[in-house]
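Take a look at the structure below.
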Amino acid sequence: MYQKTIDEIHEKDPELALISVGSIEQHGPHLPIMTDWAIATELGKRVAEKMDAYLLPAFPISTCREQMGKKGSVWMEPVTFYQMMTDIAMSLKLQGFKRIGIIQCHGGIFIMTPLVRDLNAKNNPDLLVALADTCNYGSVLYKEGILETSTELHAGESETSMMLAIAPETVHMDLAVDEVPTVPRAWLNYGGVLRASKSGVWGEATKGTAEKGEKIFARMTELIVDDLTKEFEYMAKKEKYNYSYF
Ligand SMILES: [Zn+2]
Numbered sequence: 060m061y062q063k064t065i066d067e068i069h070e071k072d073p074e075l076a077l078i079s080v081g082s083i084e085q086h087g088p089h090l091p092i093m094t095d096w097a098i099a100t101e102l103g104k105r106v107a108e109k110m111d112a113y114l115l116p117a118f119p120i121s122t123c124r125e126q127m128g129k130k131g132s133v134w135m136e137p138v139t140f141y142q143m144m145t146d147i148a149m150s151l152k153l154q155g156f157k158r159i160g161i162i163q164c165h166g167g168i169f170i171m172t173p174l175v176r177d178l179n180a181k182n183n184p185d186l187l188v189a190l191a192d193t194c195n196y197g198s199v200l201y202k203e204g205i206l207e208t209s210t211e212l213h214a215g216e217s218e219t220s221m222m223l224a225i226a227p228e229t230v231h232m233d234l235a236v237d238e239v240p241t242v243p244r245a246w247l248n249y250g251g252v253l254r255a256s257k258s259g260v261w262g263e264a265t266k267g268t269a270e271k272g273e274k275i276f277a278r279m280t281e282l283i284v285d286d287l288t289k290e291f292e293y294m295a296k297k298e299k300y301n302y303s304y305f
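Residue numbers for the sequence shown follow this note's numbering, beginning at 60 and rising by one.
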């Protein structure tokens, strides 16, 4: 959509805008720092095609302070992300967009939940904001047999497979390792990923293949479309409750 002219977009008058959010951060010894952004770009394109949406370019930088320790991961303050997303949502609303779908392709955006909740509480029913968090799909893909492992939080079987499918020239499979930290995810409050995992991998990267990557993209696209559609439907059918549309 961003390759179209403004007149083409204005003429088409889309109601749904899609924002795919990535991150620039360490992804172990074998994957590039652009991994989440590259995945966000690809998923955004696929979902936009299925939902006939206005797609913004994938956002490269969000919040990833838990990835600090080696030079090259870049983040903004959570409050800045909240404000940035709110500004963008308001600019879309002013132009007549009725729905915004956010595709979250990086696990560490902990301010996403209050952001989405606040946008809906403040703007329903004029603007509906739905969120599809790709972190939720690992267990589904594992149950369906698309993934062999259920240990991944970061740079494991799934992300390695996806990068092998879309940018194999950037993946160093000879350096891929399996490392599954023993601390729970919530302990990222007490020390970054590189404290818990020496390699920066949280999962089993050696299990990644391009063939799996293609299957993951296809299935994730369906899951995202399904989640966003159901969330929009749930919000759209709500009636006013006393003073509240939320
Ligand atoms: Zn990632």
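Glycine included, each C-beta is placed from N, C-alpha and C at the ideal position. Treat the numbers as computed from the prediction; the structure is a model and nothing was measured.
Bounding residues of the beta strand (DSSP E) (the contiguous stretch that carries residue i)
i, result
"Leu190", "Leu187 to Asp192"
"Leu90", "That residue, Leu90, is in no beta strand (DSSP E); it is neither H nor E in DSSP."
"Ile170", "Neither: Ile170 is in no beta strand (DSSP E) and is coded neither H nor E."
Option in the options with minimal Cα separation from residue i
i, options, result
"Ala148", "Pro116, Ile78 and Leu90", "Ile78"
"Met144", "Asn183, Ile159, Cys194 and Trp246", "Ile159"
"Lys266", "Tyr201, Lys63, Lys297 and Met127", "Tyr201"
"Tyr293", "Arg254, Tyr113, Phe140 and Leu190", "Leu190"
"His231", "Leu75, Ile65 and Leu90", "Leu90"
"Lys274", "Glu74, Met93 and Leu102", "Leu102"
"Glu281", "Ala76, Thr193 and Pro227", "Thr193"
"Ala99", "Ala226, Gln154, Thr288 and Pro73", "Ala226"
"Asn248", "Phe169, Lys299 and Tyr300", "Phe169"
"Asp95", "Tyr113, Asp72 and Val133", "Val133"
"Thr229", "Glu263, Ala97 and Arg244", "Ala97"
"Gln62", "Leu115, Leu153 and Gly128", "Leu115"
"Thr208", "Gly131, Ala277, Lys271 and Tyr300", "Lys271"
"Leu331", "Lys297, Val199, Gln142 and Pro184", "Because the chain spans 60 through 305 in this model, residue 331 falls outside it and cannot be assessed."
Residue i vs residue j beta-carbon contact at 8 Å
i, j, result
"Val242", "Ser258", "no"
"Ala269", "Ser220", "yes"
"Cys123", "His165", "yes"
"Gln126", "Gly251", "yes"
"Pro119", "Gly81", "yes"
"Ala224", "Pro240", "no"
"Gln157", "Leu186", "In the sequence as displayed, the identity of residue 157 is Lys instead of Gln. It is a contact, given that the beta carbons lie within the stated cut-off."
"Val188", "Ile161", "yes"
"Glu218", "Gly197", "no"
"Met110", "Leu75", "yes"
"Gly131", "Leu253", "no"
"Glu54", "Ala264", "Outside the displayed range of the chain (60 to 305) lies residue 54, so it cannot be described from this structure."
"Ala295", "Gly262", "no"
Start-to-end residues for the alpha helix (DSSP H) that takes in residue i
i, result
"Ile78", "Taken as a continuous stretch (DSSP letters only), Ile78 belongs to no alpha helix (DSSP H), being part of the beta strand (DSSP E) at Leu75 to Val80."
"Tyr293", "Ala269 to Ala295"
"Glu70", "Ile65 to Lys71"
Cβ of residue i within 8 Å of any chain D Cβ
i, result
"Glu84", "Absent here is chain D; the protein component of the structure consists of one chain."
| request: Would you list, in sequence order, the uninterrupted beta strand (DSSP E) runs of no fewer than 3 residues that lie entirely inside the segment 95-164? | output: 158-163
| message | What ranges does the alpha helix (DSSP H) occupy inside the segment 176-264, keeping only unbroken runs of at least 4 residues that lie completely in it? | response | 197-202, 216-225 and 252-255
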